[in-house]
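When we follow the numbering used here, the leftmost residue of the sequence shown carries the number 38, and every step to the right adds one.
In this text, a Cβ means the ideal position worked out from N, Cα and C, and glycines have one as well.
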Amino acid sequence: MEKKQLGTWEVKRGLAEMLKGGVIMDVTTPEQAKIAEDAGAVAVMALERVPADIRAAGGVARMADPEVIMAIQQAVTIPVMAKVRIGHFAEAQILEALKVDFIDESEVLTPADDRFHIDKHAFTVPFVCGARDLGEALRRIAEGAALVR
């Protein structure tokens with residue numbers, strides 16, 4: 038029998054395929070996550086607060102508090118995703134340790150590095166990234182993104 042491997046490109050791509058055509062709902066509480074799951078969401082994005090609200094108030098939009106993420110993970114059976122700042126590999130390592138199902142290296146959070154993105158190949162958790170054009174999408178894929186939005 039072949040030994041299963043976590044974090045292979047096939048596994049990461051397979052997880053991305055499972056989300057196609059479904060709704061991924063932003064949530065800030067376990068209760069919201071449960072409502073999203075009951076309504077048919079394929080995954081939830083765990084947030085501490087809405088990033089646009091944080092930035093509008095002059096704050097730094099960072100990864101959600103691990104306690105918030107863990108509470109949301111315990112509330113639902115669907116995949117839980119969480120955002121990290123562009124280039125902030127330490128936040129990504131924390132999310133990997135929390136066993137989130139997908140990491141979103143997100144442009145809506147305050148960037149940690151304005152030139153370099155995370156090397157996603159070094160992680161077992163798949164990444165999703167945004168892209169404004171084909172060139173940017175191809176760069177994110179080359180870095181190891183399993184899903185581009």
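Each residue's CA atom was taken as its position, placing Pro-88 and Val-81 some 15 Å apart.
In the structure shown, Asp-63 falls within a strand segment according to DSSP collapsed to helix, strand and coil. Rounded to whole angstroms, Thr-45 and Leu-135 show a C-alpha spacing of 19 Å. Look at the stretch 71-125 and you find these whole runs of beta strand (DSSP E), each 3 residues long or longer: 80-83 and 117-122. Pro-116 has its alpha-carbon roughly 17 Å from the corresponding atom of Cys-166. Listed in chain order, the non-local C-beta contacts of Ile-109 below 6 Å within the same chain comprise Pro-67, Ala-70, Ala-83 and Val-117, local neighbours out to five positions each way being set aside. Sequence-distant partners of Ala-174 (beyond 5 residues in either direction) whose C-beta falls short of 7 Å from its own C-beta, in its chain, are Ala-168 and Val-185. For the stretch 138-183, the full-length alpha helix (DSSP H) segments reaching 4 residues or more read 171-180 along the chain. If you check the CB distance, Pro-163 and Lys-49 come in under 8 Å.
Here the alpha carbons of Val-79 and Gly-59 stand approximately 5 Å from one another.
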